[in-house]
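A.B. asks:
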Amino acid sequence: MRITDLETLHVDGGFSTFSYLKLSTDAGITGWSEFSRYETVDSIIHSLRNQLIGSDPTNIAALDALFQAISRRGPGGIFPRAAGAVINACLDIKGRAAGLPVYELLGGAIRDAIPVYWSHLGLFRAQYSQYYDGKAIDRPAVRSLDDLQDAVREAAREGYRAIKSNIIRFDPAKRTTSLRGLNRPVRVGYPELNAPPALVAAFAEQVAAMREAGPDLEIMFDLNYHFRPEGMRRFALAAEPYALGWLEVDLPDAAALAHLRQSTSTPIGSLEQIMGARGLRPFLDAQAVDVAIVDPQWNGVFEAVKMARVADIFDVNVAAHCSGGPLGALMSAHFCAAIPNLRIMEHEGDMVPWAQALLTLPNRVENGHFLLPSGPGWGSEIDEALARSHPVKSKPDIR
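All residue numbers for the sequence shown refer to this note's numbering, where the first residue is 302 and numbers rise by one.
1) Just the Cα atoms here: how many angstroms apart are residue 605 and residue 438?
2) Can residue 664 and residue 631 be called in contact, C-beta distance under 7 Å?
3) Between which two residues does the alpha helix (DSSP H) holding residue 525 run?
4) Smallest Cα separation from residue 500: which of 516, 530, 469?
5) Is the CB-CB distance between residue 309 and residue 325 below 7 Å?
6) The alpha helix (DSSP H) spanning residue 635 covers which residue range?
7) Could you tell me whether any Cβ in chain D is nearer than 7 Å to the Cβ of residue 344?
8) Hey, quick one: how far does the beta strand (DSSP E) through residue 545 stretch, first residue to last?
9) Following the continuous beta strand (DSSP E) through residue 684, name the residue where it begins and the one where it ends.
10) Who are the near neighbours of residue 639 in its chain, counting only those whose CB is closer than 8 Å to its CB and skipping five residues on each side?
11) Output the distance between the C-alpha atoms of residue 581 and residue 549, rounded to the nearest integer angstrom.
12) Express the C-alpha separation of residue 531 and residue 506 in angstroms, rounding to a whole number.
13) Please classify residue 697: is it buried, with 16 or more other beta-carbons within 10 angstroms of its beta-carbon, or exposed?
14) Out of 643, 608, 443, 551, which has the shortest C-alpha to C-alpha gap to residue 589?
15) Measuring straight from C-alpha to C-alpha, what distance separates residue 388 and residue 471?
16) Is the beta carbon of residue 432 less than 7 Å from the beta carbon of residue 319?
17) Let's see if you can read the secondary structure: which residues bound the beta strand (DSSP E) around residue 446?
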């Protein structure tokens, strides 16, 4: 079997862009994967066309070795995300050719129901409120702490047992500001990356409100790269009375992250931005995290499994980072099914209502668990007609 063509497809999902890679073969088998940051990763994927056309998509090890060699002079960056997209599409092809789910190619499923948490709870409803209140999404916008508490209760009613949010500040006019992501400048604390006392106080108030609304829920909180270790420590200490599942932070220095972990009783989750098992190792050596966060979409499921196995050697559990669309969640579920040291999987609870219809077999989440399909490959495919009916308009690359 040989790859005969590759195509990328970008879908306007409202406040998100769903980007897909389609690999075609001379056997008539098609492989799909989802990737993020479409404007950058897309160009790298297409730059690999000449090397991919004519290649055997079922020889995952050979392709992985090729990509490792290509990136050796400049590890990290965006290239691994493009390579991961290709590897993931090839895994889909290999599974379909063999009549097996991808998780069987990884050794089998340890679990067929994956525990998930509702990610960015309240954030998108505050940041992109124009899409809510029955406009594009039939869920209420969040404009106050009371609204946020209602969102927490909604997640609990829908069966979620864990949630994660980001800093949301509510002003007297009911307009909101937030801190999220890595690629947009914000006013508060930039460019020095300071943590103003008022922001720490607002964070504590938000966490307290969420804990009051969800006393039995596991609550996580994500600070991303927005602060230096000194500021992150302030947030970690402020969170201690509320028994977070973890405080999620991103720091590029293993020693600094380890010191942060040692300075607080709040569990620390991190490493979603670290690419590959080699990149993960220094942080595990330093005992820098309570929970290692690994992205099987960005790294590719093949490499992500290696990362989970390295973490397992250090007795560290892995949470799957998954902030994309429905196919990304499905790919993540295959990864989560196959690793022994799973903590939990990220899942987006807020999407445009037709998002799940992008899959020929929509994802199912019941009682806080993602139900693993049993079909070959990923167990579902992209509905191309629906995807092409929502082309991306000109807008910032927010993912």
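All C-beta atoms, glycine included, are put in the ideal place defined by N, C-alpha and C.
C.D. replies: Answer, in terms of the structure:
1) Each residue's Cα considered, the two are about 33 Å apart.
2) yes
3) First-last for residue 525: 519 to 525, but that is the beta strand (DSSP E), not the alpha helix (DSSP H).
4) The shortest C-alpha separation from residue 500 is found at 469.
5) no
6) 627 to 639
7) Considering every chain present, this structure includes no chain D. It has just one protein chain.
8) Where residue 545 is concerned, there is no enclosing beta strand (DSSP E), given that its DSSP letter is neither H nor E.
9) Per DSSP, residue 684 belongs to no beta strand (DSSP E) and is neither H nor E.
10) 404, 407, 408, 409, 410, 411, 606
11) The alpha-carbon atoms of residue 581 and residue 549 are separated by roughly 16 Å.
12) 20 Å
13) Here the model assigns residue 697 a pLDDT of 44, short of 50, so the residue's position is not dependable and the matter cannot be decided.
14) 551
15) 42 Å
16) Taking the C-beta atoms as reference points, residue 319 is found no nearer than 7 Å to residue 432.
17) From DSSP, residue 446 is part of no beta strand (DSSP E) but of the alpha helix (DSSP H) over 446 to 458.
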